[in-house]
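**Student:** Residue numbers (the working numbering), protein chains in the order written: chain B, 24 to 383; chain P, 24 to 383. For each residue, glycine too, the CB sits at the ideal point set by N, CA and C.
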């Protein structure tokens with residue numbers, strides 16, 4: 024087992040990464056303060072891991088709530104199912120919530136923990152690659168609004184993150200690929216060495232080589248933990264993690280939540296950001312091809328959807344709702360070079376339109 | 024105009040108290056950081072004060088949303104109306120929300136500000152006595168759940184609180200009385216001198232004497248600001264403000280939100296706490312009568328409802344959902360003496376039942 028740490032003073036916490044961590048009561052018990060534990064999971068994960076997870080918390084008063092699965096359910100309405108359980112079962116302020124599932128489960132459980140009685144503790148137990156390398160670390164929680172992703176939420180850090188890499192054995196291929204989009208992102212924004220490692224080892228990851236997966240998760244979490252420690256509330260640096268996300272969120276919400284997986288939107292969106300970075304003269308044609316090639320080896324989409332509903336104007340309208348918008352300007356994460364990202368609102372508007380038109 | 028300050032380091036803020044502050048653009052403009060302002064108000068307050076409030080923010084891009092009025096609408100569903108407006112109108116992270124109304128409006132607007140894009144700024148402009156002396160100060164925000172008051176929320180401090188005492192001229196008598204319940208509370212928990220002042224001046228307050236009202240508001244805000252500065256997140260001391268609230272919340276939710284006003288529940292609930300404090304030997308019969316007499320002079324209920332749905336068991340069940348419950352114990356705010364409150368879970372259970380039975 025590897026242990027990393029998110030250094031955030033009295034809100035700091037460990038990330039445990041290893042095989043078979045799910046059932047280890049000794050690992051998690053010191054992170055539960057009161058007697059009451061509510062495991063929040065979904066209809067896909069519950070049959071696979073709920074009983075192992077319950078066993079780890081057997082010495083507490085454990086209850087569980089099983090939500091419907093999918094991004095389309097990441098709403099205030101579904102969140103209310105968690106509150107119904109907490110309040111109906113008389114959970115008090117000293118309780119602990121456990122997020123057992125992927126990014127949607129983690130984001131909603133964390134947000135429920137942030138809001139229930141104005142804040143209770145929670146633990147992340149991510150079971151998808153995407154949530155293990157990205158969403159379970161850093162305390163961003165929330166739900167979607169029909170007009171924009173993650174528009175309603177809170178910063179609320181977990182007590183610890185338990186990444187059991189064995190859960191990846193049951194992950195479907197499409198979800199594995201989607202998770203790799205976020206892994207590749209870390210290489211692109213700040214870690215050229217990791218990007219080069221990924222180019223050499225991407226097939227091992229696709230074949231679920233445990234050692235390769237462990238390394239990729241650890242390095243991703245390390246990259247994320249470092250930036251979160253410097254910029255918890257996204258005053259600056261942390262926005263770099265949103266490479267491809269402004270384009271990607273537009274695709275996700277424009278196509279209807281759940282039709283494009285988050286990682287798929289990020290993949291296509293990152294390629295749009297690559298193309299715009301090329302128009303600005305930062306990247307060469309060869310750089311763009313190099314990144315595209317890596318996404319393609321992971322079976323991820325590299326172009327946005329071509330449906331009529333996602334024409335340029337619709338795309339721009341969706342992007343204009345992004346959280347990075349300031350005074351009407353769509354700020355984007357772009358690359359200076361592979362391994363060096365920056366945030367800017369200072370680019371010629373016609374370059375953005377050219378990107379939407381030409382990178383199809 | 025008087026200015027108080029809630030000392031909370033970089034989350035500290037001023038409370039302005041005075042006549043005709045509503046329309047003063049100079050007073051508020053420095054507390055708005057971006058260009059976008061959303062005024063959140065309700066159907067009762069909008070016809071009275073919305074245009075004056077809009078005028079104060081005329082130099083910004085001002086929009087407004089008018090919610091239905093009343094505690095029964097303090098829900099996640101109504102909260103979503105604020106998000107619809109914010110997202111539909113493309114409000115960005117630099118926006119400022121204005122809570123123009125009573126406690127329900129302030130709690131919901133503050134919670135929306137806490138959650139929109141994971142946190143934006145807001146200003147409290149309370150227009151009822153209750154919100155001016157209590158709910159607008161201290162950063163407690165949230166909504167109700169059918170099974171419990173304020174169960175879903177956040178601590179989120181405003182940028183400033185603007186108390187225009189002229190708004191009390193349009194307040195209906197029942198609302199004025201409800202607000203006085205919270206004013207009396209400050210005297211009871213920590214300020215015997217203020218309690219004695221209230222005994223002498225309660226008719227001036229009922230007659231809306233501007234000078235007396237200003238003094239009562241100022242003293243209440245000062246009492247509240249001091250404790251909030253010491254205990255922002257209610258780790259201890261701040262719980263004292265909940266005198267009468269565990270009983271009172273049970274009445275409010277048991278009778279259906281809005282049928283008993285919050286201040287009415289607090290009045291009857293405080294008398295239940297007085298009776299229990301007497302059973303414990305802290306208060307004399309004379310103390311209880313003295314407090315009862317003050318509430319009666321304000322036309323507030325001093326006994327809980329006698330309907331069948333609020334029998335002892337129902338009352339206890341509702342109280343068991345309170346946020347102060349720890350490990351199954353209902354913790355209560357009681358008095359050692361008039362002007363000296365304390366929080367305890369250590370009282371004989373049959374005294375609580377005796378109180379429910381006998382103080383009817």
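1) How about residue 118 of chain P and residue 97 of chain P: are their beta carbons less than 9 angstroms apart?
2) What in chain P is Cβ-close to residue 171 of chain B, meaning under 8 angstroms?
3) Could you name the residues of the stretch 89-108 of chain B whose beta carbon sits closer than 9 angstroms to any beta carbon of chain P, in the order they occur along the chain?
4) Going along chain P, which residues have a C-beta under 7 angstroms from residue 58 of chain B?
5) Are residue 278 of chain P and residue 332 of chain P closer than 9 angstroms when you measure CB to CB?
6) Just checking my contact of residue 324 of chain B with residue 290 of chain B at CB under 8 angstroms: how many whole Å lie between their CB atoms?
7) Within its chain, find whatever has a CB closer than 7 angstroms to the CB of residue 335 of chain P; leave out the 5 residues flanking it on each side and keep chain order.
8) Just to confirm my understanding: we take residue 271 of chain P, look at its own chain, exclude 5 residues before and 5 after, and list those with CB closer than 6 angstroms. What are they?
9) Would you check if the distance between the CB atom of residue 128 of chain B and the CB atom of residue 65 of chain B is smaller than 9 angstroms?
10) Which first and last residues belong to the beta strand (DSSP E) in which residue 303 of chain P is found?
11) How many whole angstroms separate the CB atoms of residue 122 of chain B and residue 148 of chain B, which I take to be in contact at a CB cut-off of 8 angstroms?
12) Under 8 angstroms, with one C-beta from each stretch per pair, do the stretch 25-32 of chain P and the stretch 87-102 of chain P reach the 3-pair mark?
13) For the stretch 109-137 of chain B, list every residue whose C-beta sits within 9 angstroms of some C-beta in chain P, in sequence order.
14) I'd like the span of the alpha helix (DSSP H) that includes residue 223 of chain P, first residue to last.
15) Quick check: the Cα distance between residue 56 of chain B and residue 355 of chain P, rounded to an integer number of angstroms?
16) Is the beta carbon of residue 262 of chain P closer than 9 angstroms to that of residue 366 of chain P?
17) Leaving out five residues before and five after residue 228 of chain B in sequence, what residues of the same chain have Cβ atoms less than 7 angstroms from its Cβ?
18) So which residues on chain P does residue 343 of chain B lean against when the C-beta distance must stay under 7 angstroms?
19) Hey, does residue 272 of chain P have any beta-carbon neighbour from chain B nearer than 9 angstroms?
20) For residue 87 of chain P, which beta-bridge partners are listed by DSSP?
21) Output yes or no for whether 9 angstroms exceeds the beta carbon distance between residue 167 of chain B and residue 276 of chain B.
22) Using DSSP bridges, identify the partner residues of residue 163 of chain B.
23) With a cut-off of 8 angstroms, do at least 3 Cβ pairs link the stretch 153-162 of chain P to the stretch 240-251 of chain P?
24) What separation, rounded to the nearest whole angstrom, lies between the Cα atoms of residue 387 of chain P and residue 104 of chain P?
25) Could you name the residues of the same chain whose beta carbon sits closer than 8 angstroms to that of residue 330 of chain P, not counting the 5 residues immediately before and after it, in chain order?
26) Going by DSSP, what residue range makes up the alpha helix (DSSP H) through residue 106 of chain B?
27) If you check the beta carbons only, do residue 346 of chain B and residue 140 of chain P fall under 9 angstroms apart?
28) Out of curiosity, what's the CA-to-CA distance linking residue 295 of chain B and residue 243 of chain B?
29) Quick one: list the residues of chain P neighbouring residue 81 of chain B, beta-carbon separation under 9 angstroms, in chain order.
30) I'd like the span of the alpha helix (DSSP H) that includes residue 250 of chain P, first residue to last.
31) DSSP on residue 380 of chain B, reduced to helix/strand/coil?
32) According to DSSP, what are the bridge partners of residue 139 of chain B?
33) Does the separation of the CB atoms of residue 152 of chain B and residue 194 of chain B fall below 9 angstroms?
34) I need the straight-line Cα distance from residue 364 of chain B to residue 357 of chain B, nearest angstrom please.
35) Can you give the Cα-Cα distance for residue 130 of chain B and residue 165 of chain B, rounded to whole angstroms?
36) Let me know if residue 35 of chain P comes out buried or exposed under the rule of 16 or more other beta-carbons within 10 Å of its beta-carbon.
**Tutor:** By the coordinates alone:
1) no
2) 110
3) 99, 100, 102, 103, 106 and 107
4) 350
5) yes
6) 6 angstroms
7) 376, 379 and 380
8) 288, 289 and 292
9) yes
10) It is not in any beta strand (DSSP E) - residue 303 of chain P carries neither H nor E in the DSSP assignment.
11) 6 angstroms
12) no
13) 109, 110, 111, 113, 115, 116, 117, 134, 135 and 137
14) 215-229
15) 22 angstroms
16) yes
17) 203, 235, 236 and 239
18) 113
19) no
20) P:62
21) yes
22) B:178
23) yes
24) Shown here, chain P extends from 24 to 383; a query on residue 387 of chain P therefore has no answer.
25) 278
26) 99-111
27) yes
28) 22 angstroms
29) Result: empty, since nearest Cβ-Cβ is about 19 angstroms, beyond 9 angstroms.
30) 233-253
31) helix
32) P:175
33) yes
34) 6 angstroms
35) 5 angstroms
36) exposed
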